[in-house]
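Residue numbers (the working numbering), protein chains in the order written: chain A, 1 to 312; chain B, 1 to 580.
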């Protein structure tokens with residue numbers, strides 16, 4: 001059976017009470033429904049692998065995979081590090097924090113017959129799956145934060161010093177003290193960071209950058225959404241191949257795409273106007289042959305739009 | 001004793017018939033053959049409607065008191081029972097013409113499903129090049145609220161002195177709300193409804209200045225003077241682009257004097273043109289199907305608006321605010337239960353309680369949101385019959401199969417290309433999101449078409465032509481075949497011709513015949529027909545049924561009426577009815 005249990009009699013009165021409470025609150029507050037900018041849980045495909053009948057499942061590796069998947073999904077979902085407005089101006093400088101998934105309270109469930117996955121394995125093999133529940137192909141993860149270790153900050157100041165990425169990873173960087181070196185077609189005038197990667201065969205890449213800090217007030221709710229970084233994929237000669245798009249407030253992503261062997265650069269960029277809204281801290285997800293960001297863009301995506309009266 | 005029993009039975013039958021029956025629904029020939037309603041004559045300026053503006057009261061009323069009131073309404077309840085057991089017909093829409101269609105009016109204008117709009121016209125909707133916000137000069141903010149329909153926004157005046165309501169996207173779902181507003185407004189306009197002009201604009205925050213008289217309503221809705229900080233506070237909360245600009249939807253203020261929302265029940269007493277109760281208007285009942293197609297869950301009265309034209313001096317009726325359509329529910333994505341249950345659904349609560357919680361609703365299965373810019377919008381669990389808005393809409397509750405067929409006819413008039421064109425106006429940055437929305441809309445359209453075209457015989461666009469010199473040919477289109485919802489493309493049609501009488505038994509003029517093409521030849525020289533039509537007060541009814549199999553199962557009848565016009569000496573179409 002799938003899904004939550006349906007409403008039962010006990011819920012009837014609970015619902016009525018809640019509705020009465022809601023209507024009462026609305027009556028007092030004048031229907032003040034605010035945007036809810038923070039996700040506390042994300043869901044993602046449970047981690048599964050196929051194995052031969054005699055080979056044992058590698059649970060440790062699968063759990064690491066699940067943890068990484070949870071981290072990327074938290075970043076992509078726009079999970080925030082809240083800076084509380086009422087705590088600003090305190091004497092001691094706050095410890096910088098970054099988004100991190102909270103491990104499942106009761107651990108991951110190990111299973112070998114998860115629905116849908118076993119169908120993908122051959123007749124002589126079984127599926128090894130870690131998930132939050134054995135009967136679900138989706139796993140939930142809670143998104144929390146952890147202290148930032150300043151040593152882990154990455155990012156090259158310019159093209160020659162571009163930081164090398166050689167495997168699927170999430171790296172942290174800060175544009176707080178960076179300089180503006182990239183003069184791309186977007187005309188962004190803020191500081192930027194450079195990353196380099198080299199692939200030897202045709203590879204599917206997924207890239208996203210997330211600046212997850214948001215300003216929150218216990219009195220008025222969301223005060224400031226995360227600042228929006230820019231992201232560019234460049235070829236070895238510096239030609240811009242793809243420009244990132246706004247995926248969530250604070251999260252800019254490239255369309256998953258397959259690229260030919262060669263050296264490429266990623267530039268995490270900013271405009272002064274946006275850079276000033278934040279603290280410059282960002283997380284960069286680079287995935288090689290991963291499928292955490294949906295399907296690749298089809299080549300036929302160039303669109304001919306009919307003329308529309310508009311102003312853009 | 002035996003006679004007494006018969007007498008008692010007859011008495012009960014008479015009582016039941018008088019309770020269940022009734023002649024609310026006129027047959028086609030007795031309805032007017034009008035294609036344009038006469039509702040544009042000058043009227044005195046009406047009062048502003050205020051009841052529908054109280055959205056919370058409206059919601060509580062429609063969810064609880066209206067439903068309870070309906071249940072306690074003996075006439076309504078008995079009619080519902082009578083309809084269920086087959087003793088009475090449903091109360092049909094009262095503003096349809098002889099051909100069971102909606103005449104053009106200040107409520108609705110037949111557009112795409114009658115005369116196909118070009119791709120450019122579909123994409124343009126109500127917008128005009130010269131009406132778009134002026135991007136050259138400053139925008140003066142003149143009023144604002146911390147939340148406008150739950151979405152932050154404010155009203156600006158551009159250099160042309162035009163007023164626009166600016167609405168933005170929520171932080172976690174850039175493009176979701178603005179795209180839904182723009183796409184749905186195009187669909188509703190093409191369908192025939194009056195909607196405002198919606199533009200997607202790129203906002204440079206530095207362009208916006210505060211007007212001298214600008215007012216702001218913050219928490220608790222207490223009005224005060226607006227400051228630059230108020231604007232800054234709103235703009236800081238919404239998603240930015242890397243260059244610091246913002247995406248917004250600008251809705252141009254409607255022309256005329258606002259007179260409050262129109263209600264989906266009752267009439268506006270100070271509008272002499274408003275002679276049909278709103279819940280009995282076909283375009284409002286059929287709107288249920290179009291709303292289901294668009295997942296327009298927020299069809300409350302406050303999202304409708306009457307505007308009084310001070311020059312022409314009549315009211316025009318608009319639909320406004322489409323931020324709860326497609327996958328968006330204002331500042332959040334739609335909940336999976338929206339579109340499947342009311343916010344407070346007494347029926348669902350009762351059913352769930354009776355089943356002690358063992359019943360798992362299909363939409364309770366966890367589903368992944370494919371794209372943040374789309375929100376929750378799907379076609380897999382969508383059921384056009386089960387679909388419902390967030391809270392009951394009186395016009396939707398009265399939707400009959402004929403109303404639904406009309407709505408399905410409108411929805412299925414959008415081809416794949418039409419849907420692609422309109423979805424493009426949402427300007428999703430992610431082409432995958434654009435494709436997803438278009439695919440879901442196509443799937444929802446097909447579910448609607450497949451369902452309602454199987455319950456009603458979807459023969460339409462009837463026309464009479466001469467055939468072989470003397471005979472008449474009644475030609476028509478089978479929408480199920482034409483739009484790809486029929487089991488196969490070569491159905492069999494069975495027809496017979498009778499003399500139409502309102503009461504009593506029709507006399508058969510032509511016995512049942514079978515044809516395989518959507519053309520029925522009526523032999524004008526056939527003595528009985530000739531004689532029947534020779535009298536100008538005689539109406540002939542051509543009853544047509546469709547079978548897609550071996551002729552053992554036949555669809556309900558579509559009845560086309562023919563009348564002899566003494567002036568032109570020609571036989572003309574006189575009306576149409578659909579058995580449901």
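All C-beta atoms in this analysis are idealised placements derived from N, C-alpha and C, irrespective of residue type, glycine included.
As the structure is a prediction and not an experimental result, all values here were calculated from the model.
C-alpha gap between residue i and residue j, whole angstroms
i: residue 303 (chain B); j: residue 315 (chain B); result: 16 angstroms
i: residue 86 (chain A); j: residue 217 (chain A); result: 6 angstroms
i: residue 163 (chain B); j: residue 214 (chain B); result: 13 angstroms
i: residue 349 (chain B); j: residue 383 (chain B); result: 19 angstroms
i: residue 189 (chain A); j: residue 182 (chain A); result: 9 angstroms
i: residue 551 (chain B); j: residue 406 (chain B); result: 27 angstroms
i: residue 466 (chain B); j: residue 518 (chain B); result: 15 angstroms
i: residue 229 (chain B); j: residue 225 (chain A); result: 16 angstroms
i: residue 195 (chain B); j: residue 250 (chain B); result: 13 angstroms
i: residue 183 (chain B); j: residue 42 (chain B); result: 34 angstroms
i: residue 128 (chain A); j: residue 43 (chain A); result: 19 angstroms
i: residue 119 (chain B); j: residue 186 (chain B); result: 11 angstroms
i: residue 121 (chain A); j: residue 49 (chain A); result: 8 angstroms
Contact belief for residue i with residue j at Cβ below 8 angstroms, rounded distance in angstroms
i: residue 449 (chain B); j: residue 408 (chain B); result: 6 angstroms
i: residue 277 (chain A); j: residue 75 (chain A); result: Incorrect: roughly 19 angstroms between the Cβ atoms, too far for contact.
i: residue 586 (chain B); j: residue 46 (chain B); result: The structure shown does not extend to residue 586 (chain B), since chain B spans only 1 to 580, so no value can be given for it.
i: residue 55 (chain B); j: residue 300 (chain B); result: 6 angstroms
i: residue 284 (chain B); j: residue 308 (chain B); result: Rounded, the Cβ-Cβ distance is 20 angstroms, inconsistent with contact.
i: residue 399 (chain B); j: residue 343 (chain B); result: Residue 399 (chain B) to residue 343 (chain B), Cβ: 20 angstroms. No contact.
Where residue i meets chain B, residues with beta-carbon distance less than 8 angstroms
i: residue 295 (chain A); result: 432
i: residue 222 (chain A); result: 171, 237
i: residue 85 (chain A); result: By Cβ distance, chain B contributes nothing, its closest Cβ being about 11 angstroms from residue 85 (chain A), past 8 angstroms.
Where residue i sits in the DSSP three-state scheme
i: residue 216 (chain A); result: strand
i: residue 291 (chain B); result: helix
i: residue 66 (chain B); result: helix
i: residue 121 (chain A); result: coil
i: residue 4 (chain A); result: Caution is warranted here: a pLDDT of 39 is assigned to residue 4 (chain A), below 50, making its placement in the model unreliable, and the coordinate value is therefore given only provisionally. Residue 4 (chain A): coil per DSSP, three-state reduction.
i: residue 213 (chain B); result: strand
i: residue 223 (chain B); result: strand
i: residue 35 (chain B); result: coil
i: residue 554 (chain B); result: coil
i: residue 140 (chain A); result: strand
i: residue 81 (chain A); result: strand
i: residue 37 (chain A); result: With a pLDDT of 49 at residue 37 (chain A), under the threshold of 50, the modelled position of this residue cannot be trusted; read the value that follows with caution. In this structure, residue 37 (chain A) counts as coil in the three-state DSSP scheme.
i: residue 328 (chain A); result: The shown model of chain A, from 1 to 312, leaves out residue 328 (chain A), and the question about it has no answer.
i: residue 131 (chain B); result: helix
i: residue 74 (chain A); result: helix
i: residue 122 (chain B); result: helix
i: residue 164 (chain A); result: strand
i: residue 251 (chain B); result: strand
i: residue 43 (chain B); result: coil
Cutoff 7 angstroms: residue i Cβ touching any chain B Cβ
i: residue 213 (chain A); result: no
i: residue 240 (chain A); result: no
i: residue 127 (chain A); result: no
i: residue 78 (chain A); result: yes
i: residue 174 (chain A); result: no
i: residue 104 (chain A); result: no
i: residue 283 (chain A); result: no
i: residue 274 (chain A); result: yes
C-beta neighbour in chain A for residue i, strict 7 angstroms
i: residue 341 (chain B); result: no
i: residue 556 (chain B); result: no
i: residue 148 (chain B); result: Because residue 148 (chain B) carries a pLDDT of 45, less than 50, the predicted location of this residue cannot be relied on, and the following value inherits that uncertainty. It does not; no Cβ of chain A falls within 7 angstroms.
i: residue 138 (chain B); result: no
i: residue 333 (chain B); result: no
i: residue 174 (chain B); result: yes
i: residue 372 (chain B); result: yes
Amino acids of chain B, ordered along the chain, whose beta-carbon sits closer than 9 angstroms to that of residue i
i: residue 186 (chain A); result: 242, 243
i: residue 326 (chain A); result: An answer regarding residue 326 (chain A) cannot be provided, because it is not within the stretch 1 to 312 covered by chain A.
Contact set between residue i and chain A, taken where Cβ atoms lie within less than 8 angstroms
i: residue 429 (chain B); result: 245, 246
Contact set between residue i and chain C, taken where Cβ atoms lie within less than 9 angstroms
i: residue 496 (chain B); result: Note that chain C does not occur in the displayed structure, where the protein chains are A and B.
Interface residues of chain A facing residue i [CB-CB closer than 9 angstroms]
i: residue 368 (chain B); result: 43, 44, 45, 138
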